[in-house]
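In this note's numbering, the protein residues as written are 2 to 307.
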């Protein structure tokens with residue numbers, strides 16, 4: 002009887018800690034996107050020296066391995082990349098891709114109003130993207146695991162791939178090369194001009210229609226929040242995996258001594274998500290056309306056959 006009362010007491014205290022009017026939490030996330038497909042392409046290109054390959058791998062690591070901080074209360078949150086004091090000497094193409102890999106600006110979510118806003122600096126222009134939160138059709142699973150001491154439950158969902166998030170792109174399958182007979186391939190080689198052909202890095206990629214999301218959330222922190230635009234589960238999302246990118250929580254602090262002001266960003270030209278996507282896609286096409294035929298790499302372009 003005494004044990005039951007004691008357990009009830011601790012449960013009551015735990016629940017009250019989240020019922021506080023000024024309740025706030027902080028979570029640190031490590032985001033990592035697999036670059037194995039891209040590395041394989043670099044290794045198979047004889048025109049790329051070991052030093053060039055090392056430099057490209059370092060740049061990709063900076064783009065695809067990032068740390069973010071999520072500050073949240075019961076209804077809203079802000080998600081920002083951890084600031085790093087380092088100079089960037091990346092080319093234009095890499096800078097553009099870097100701005101499309103989850104970072105940049107403050108991502109504000111209000112799960113009560115089901116809205117979000119994020120300030121983006123794209124190609125030297127400031128945008129304020131404001132729109133409604135996308136509601137994923139989460140499928141609740143019975144599987145559990147422990148992350149950072151919290152019992153988490155599995156949930157899966159399928160969502161449309163974003164055409165302005167470079168992490169969603171996948172290398173194209175070499176189907177055409179497999180279908181060609183050796184004779185056709187030999188004929189094609191003879192017809193090629195002597196000058197080394199150039200291919201756009203983006204031409205070697207494709208965007209899938211849908212991506213399967215696996216999330217792990219903990220009811221022990223009963224807020225419908227998570228990293229980036231993820232939300233809608235009965236507990237804080239501590240891990241998200243889309244098959245290529247993993248976002249894993251490495252630290253949680255509840256009711257920190259220093260409170261963070263959780264408010265929506267306000268700087269930049271206000272656009273909807275669709276309007277912003279159209280601007281980015283158009284600029285990507287312009288950038289690709291501009292680099293076609295150039296002799297330099299330009300970030301997107303890779304010289305072949307040298």
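Don't be surprised by glycine CBs; every beta carbon is placed ideally from N, CA and C. As the structure is a computational prediction, the values presented were derived from the model and not from experiment.
{"Query": "With a Cβ-Cβ cutoff of 8 Å, do residue 132 and residue 226 count as a contact?", "Result": "no"}
{"Query": "Taking only the alpha-carbon atoms, compute the straight-line gap between residue 148 and residue 291 and give it to the nearest angstrom.", "Result": "46 Å"}
{"Query": "Three-state secondary structure (DSSP) at residue 290?", "Result": "helix"}
{"Query": "Suppose the cutoff is 7 Å on Cβ atoms and the five residues either side in sequence are ignored; what does the same chain contact list for residue 146 look like?", "Result": "153, 217"}
{"Query": "Consult DSSP for residue 65 and reduce its assignment to one of helix, strand or coil.", "Result": "helix"}
{"Query": "For a quick check, are the C-beta atoms of residue 161 and residue 139 less than 8 Å apart?", "Result": "no"}
{"Query": "Could you check if residue 28 is buried or exposed, using at least 16 other CB atoms within 10 Å of its CB as the buried criterion?", "Result": "buried"}
{"Query": "I think residue 236 touches residue 222, with their Cβ atoms under 8 Å apart; what is that distance to the nearest whole Å?", "Result": "6 Å"}
{"Query": "Use the C-beta contact count for residue 195: other C-beta atoms within 10 angstroms, 16 or more gives buried, fewer gives exposed.", "Result": "Note that residue 195 scores a pLDDT of 46, beneath 50, so its modelled location is shaky and nothing firm can be said."}
{"Query": "With a threshold of 8 Å between beta carbons, is residue 207 in contact with chain C?", "Result": "Structure shown: chain C not included; a single protein chain is present."}
{"Query": "Residues in its own chain within less than 6 Å of residue 260 by CB, not counting five upstream and five downstream?", "Result": "25"}
{"Query": "Select from 163, 262, 114 the residue whose C-alpha is nearest the C-alpha of residue 207.", "Result": "163"}
{"Query": "Return the CA-CA distance between residue 74 and residue 244, expressed in angstroms with no decimal places.", "Result": "29 Å"}
{"Query": "Rounded to whole angstroms, what is the Cα-Cα separation between residue 210 and residue 258?", "Result": "44 Å"}
{"Query": "With DSSP as the reference, identify every bridge partner of residue 26, one or two as the case may be.", "Result": "73, 255"}
{"Query": "Quick check on residue 214: does DSSP put it in helix, strand or coil?", "Result": "strand"}
{"Query": "Cβ atoms of residue 231 and residue 241: under 8 Å apart, would you say?", "Result": "yes"}
{"Query": "Which residue or residues does DSSP assign as beta-bridge partners of residue 146?", "Result": "153"}
{"Query": "Determine whether the beta carbon atoms of residue 282 and residue 128 lie at a separation below 8 Å.", "Result": "no"}
{"Query": "If we count the other Cβ atoms within 10 Å of its Cβ and call it buried at 16 or more, is residue 107 buried or exposed?", "Result": "buried"}
{"Query": "Of the residues 71, 123, 34, 35, which one's Cα is nearest the Cα of residue 255?", "Result": "71"}
{"Query": "Please classify residue 122 as buried or exposed, where buried requires at least 16 neighbouring CB atoms within 10 angstroms.", "Result": "exposed"}
{"Query": "If you compare alpha carbons, which of 69, 51, 251, 286 is closest to residue 150?", "Result": "251"}
{"Query": "Pick from 52, 130, 155: whose alpha carbon is nearest that of residue 141?", "Result": "155"}
{"Query": "What does DSSP give as the partner residues of residue 141 in its beta bridges?", "Result": "156"}
{"Query": "Taking the beta carbon of residue 143 as the centre, do at least 16 other beta carbons fall within 10 Å, making it buried, or is it exposed?", "Result": "exposed"}
{"Query": "Do you know how far the Cα of residue 168 is from the Cα of residue 109?", "Result": "21 Å"}
{"Query": "Specify the secondary structure class of residue 231 as computed by DSSP and reduced to three states.", "Result": "coil"}
{"Query": "Which one or two residues does DSSP pair with residue 127 in a beta bridge?", "Result": "122"}
{"Query": "With a threshold of 16 other CB atoms inside 10 Å of the CB of residue 34, please say whether the residue is buried or exposed.", "Result": "buried"}
{"Query": "Work out the CA separation of residue 268 and residue 117 for me, nearest whole Å.", "Result": "14 Å"}
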